[in-house]
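One structure below.
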Amino acid sequence: MQLTTLDWIVIALYGLTALAIGLRFARRAGSGADEFFLSGRKLPWWLLGTSMVATTFSTDTPNLIADFVRGGGVAQNWVWWAFLITGMC
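With the first letter of the sequence shown counted as 1, position 81 gets the number 92 in my numbering; the numbers rise by one all the way through.
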């Protein structure tokens with residue numbers, strides 16, 4: 012399959028757009044580990060919880076989650092919210 016000039020233009024624009032977004036947000040990012048890993052501890056609780064639940068849908072956790080669901084039902088997938096309540100974030 013041969014790429015046309017239009018294809019290459021679209022690929023280049025996509026790459027340049029991604030680079031521009033990355034450079035813009037890199038300036039806004041903090042330089043410390045707390046800022047990088049914890050967002051400066053400024054995220055709302057619901058966003059942190061949603062992020063932890065979304066983590067369970069990644070490709071490296073299906074066996075663990077399948078075991079949770081097999082053992083305690085689908086509700087066990089929401090055990091990640093407990094990390095917020097107990098201060099594990």
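All C-beta atoms in this analysis are idealised placements derived from N, C-alpha and C, irrespective of residue type, glycine included.
As the structure is a computational prediction, the values presented were derived from the model and not from experiment.
N-terminal and C-terminal residue of the alpha helix (DSSP H) that serine 62 is part of: Numbered from 1 along the sequence shown, position 51 holds the residue referred to as residue 62. Per DSSP, serine 62 belongs to the alpha helix (DSSP H) from 56-66.
Mind checking which residues open and close the alpha helix (DSSP H) that includes threonine 16? Locating residue 16 in the sequence shown gives position 5, counting from the first residue. Its alpha helix (DSSP H) spans residues 16-39.
What's the C-alpha gap between methionine 63 and glutamine 87? Here residue 63 corresponds to residue number 52 of the sequence shown, with the count starting at 1. Here residue 87 corresponds to residue number 76 of the sequence shown, with the count starting at 1. Their backbone Cα atoms lie some 13 Å apart in a straight line.
Let me make sure I understand the geometry here. Which of Leu75, Leu24, Trp56, Phe47 has the alpha-carbon closest to that of isoleucine 96? By one-based count along the sequence shown, residue 96 stands at place 85. Ranking the options by Cα distance to isoleucine 96, first place goes to Trp56.
Return helix, strand or coil for glutamine 87, following the three-state DSSP convention. For the purposes of this step, residue 87 is taken as the residue at position 76 of the sequence shown. Helix.
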